[in-house]
Amino acid sequence: MTSQLLTLYVLFWPLIASLVLLTICLNVYKDAQQARESGEELV
């Protein structure tokens, strides 16, 4: 049972981390577009 849980952990944490990174990147892109449209700087 322990090896199965470890296998699932090793297989799924990159997927979860990738989804978090994708969410962050998409939101930064949206913020950059919104800032460009309103003539403001991103930072």
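Residue numbering for the sequence shown is 1 to 43, as defined by the working numbering.
Backbone N, C-alpha and C fix where the C-beta goes; we use that ideal spot for every residue, glycine too.
Beta carbon of Ala35, beta carbon of Leu26: below 8 Å?
Walking along the sequence shown from the start, residue 35 turns up at place 35. Walking along the sequence shown from the start, residue 26 turns up at place 26. Result no, Cβ atoms of Ala35 and Leu26 do not sit closer than 8 Å.
Measuring straight from C-alpha to C-alpha, what distance separates Val28 and Leu22?
Position 28 of the sequence shown, counted from the start, is the residue given in the question as residue 28. Position 22 of the sequence shown, counted from the start, is the residue given in the question as residue 22. So the two alpha carbons sit approximately 10 Å from each other.
Own chain, CB closer than 7 Å to Ala32, minus 5 neighbours either side, in chain order:
By one-based count along the sequence shown, residue 32 stands at place 32. Only Leu42 meet the Cβ criterion.
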